[in-house]
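Just so you know, the sequence shown maps onto residues 11 to 329 in the numbering used here. Working notes for the structure below.
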Amino acid sequence: MQEKKTYPFDVLVVGELNIDLILNRIAGFPEMSKEILAEEMTVTLGSSSAIFANNLSILGSRVSYLGKVGEDQFADLVCTSLERSGVDIGNIIKTPEYQTGLTVALNYDNDRAMLTYPGAMNDLRIGDISEQALDAAPHMHLSSVFLQEGIKPDIVEIFRKAKSRGMTTSLDPQWDPQEKWDLDLAALLPLVDVFLPNEEELKHFTGLADVEAAIEKISPYCNTVVVKKGVKGAVMWHNAQLVHQEAFLNEDVVDAIGAGDSFNSGFIHKYTRGAAPGECLRYAALTGALNTTAAGGTAAFASKEKLLATAREKFKYQE
Ligand SMILES: Nc1ncnc2c1ncn2[C@@H]1O[C@H](COP(=O)(O)OP(=O)(O)OP(=O)(O)O)[C@@H](O)[C@H]1O
Ligand SMILES: [Mg+2]
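Written as structure tokens, this is what we have:
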């Protein structure tokens, strides 16, 4: 009898890494040649893929991260933050050529202005995704394609590489800041087991505002598609059938930053454990809603115990 292969990790996350420097309660909007003061500052791990990895690890999956940072103190902050949540950083590459990516966010008057230096994020390339890293997990997740200039031209090849090694795969494309939406979905999606866009992204990819019509358009070449719709929940296309999932109602939302990444973490956590697609979807909606109970993308995911307590209290969810 053939022995079942064992892996040190459940999921390999390939993605962008950056620091968020958030300034709150600022005395006015900055103007050239003037100096103003902010009363609050937070320096924290940013990036959608890192929030996903962090929360997936808290849920109990064994996660390895493959990304690129500089050789600076922000790199140390990225690595220690991930390690603290149990994420393996053995595949994080440090380059002397660029500094670690950074987003400065200025929160002012219920809105925010953001300025990003991509730095080492743009320098991650297909050649950095080693066979050793791919062979250490049965599943690869990739997110934020349009923020990773070094990855984007080879995205189809990267997924082909993962599939040829027998991995299952998932992709969250995230927003295209250039709004070109130039991914060859017909070539890419057959290699993606779970495609996880939100409804706006899917609309831009397909040119169709109606989610069901958009899913139908890509259905000839995709596997499972899960479309996130904020407070309206999500819809999944699987085995030629549509499954609708309502959002778990949260009456006191703190913010929805990272809700999509937390939703993905819930889906992939169940998926890699072989759960039925409907169960993956329901758990994803729960983890997306849990995300909105605390500030930012990771605060609600401080520990599994705390997360489950909130799930019971706020959403009457029993594991
Ligand atoms: N206010 C909310 N209350 C309950 N659940 C929510 C709320 N907002 C989001 N969710 C859940 O989280 C999921 C993902 O959120 P959303 O649709 O905002 O993803 P997204 O647009 O990809 O977000 P992101 O900006 O994090 O990438 C939703 O499908 C829903 O299930
Ligand atoms: Mg998203």
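We put the beta carbon where it would ideally sit given N, CA and C, even for glycine. The structure presented is a predicted model; accordingly, all values stated were derived computationally and were not measured.
Test item: CB-CB of residue i and residue j under 9 angstroms
i	j	result
Leu27	Val88	yes
Ile29	Thr110	yes
Val2	Leu134	Outside the displayed range of the chain (11 to 329) lies residue 2, so it cannot be described from this structure.
Thr178	Thr282	yes
Gly298	Ala269	yes
Thr54	Asn34	no
Ile61	Thr308	yes
Leu201	Arg170	yes
Ala37	Leu47	yes
Gly240	Ala223	no
Asp271	Ser91	no
Asp192	Asp186	yes
Asn274	His149	no
Strand pairing of residue i, partner residues [DSSP]
i	result
Asn34	Glu50
Asp121	Tyr118
Ser74	Leu22 and Asp98
Ser180	His151 and Val204
Gly80	Answer by DSSP bridge pairing: none, since Gly80 is not bridged.
Gly111	Asn28
Val245	Val237 and His254
Ile103	Lys78
Tyr127	Leu112
Leu55	Ile29
Rounded Cβ spacing between residue i and residue j (contact assumed at less than 8 angstroms)
i	j	result
Val79	Phe19	Not really, about 20 angstroms apart at Cβ, beyond 8 angstroms.
Val237	Asn208	7 angstroms
Gly96	Gly25	Between Gly25 and Gly96 the Cβ distance is about 17 angstroms, and since that is not below 8 angstroms, they are no contact.
Gln158	Asn117	Incorrect: roughly 26 angstroms between the Cβ atoms, too far for contact.
Asn101	Ala147	Not confirmed; about 10 angstroms, so no contact.
Val166	Phe205	Contact flag wrong, Cβ pair sits at about 14 angstroms.
Minimum C-alpha distance to residue i - residue among the options
i	options	result
Asn301	Ala286, Phe325 and Lys280	Phe325
Phe84	Asn117, Thr105, Glu315 and Ala285	Thr105
Gln328	Phe311, Arg292 and Ala310	Arg292
Thr245	Ala197, Ala295 and Val264	First, the amino acid is wrong: residue 245 is Val here, not Thr. For the residues Ala197, Ala295 and Val264, the minimum Cα distance to Val245 belongs to Ala295.
Tyr231	Lys213, Val221 and Ala197	Ala197
Ile267	Ala304, Arg322 and Ile278	Ala304
Arg94	Glu323, Asp265, Ala312 and Gly56	Ala312
Pro183	Asp164, Lys173, Glu211 and Ile168	Glu211
Phe39	Asp119, Leu31 and Lys14	Asp119
Val221	Arg322, Asn233, Ala130 and His254	His254
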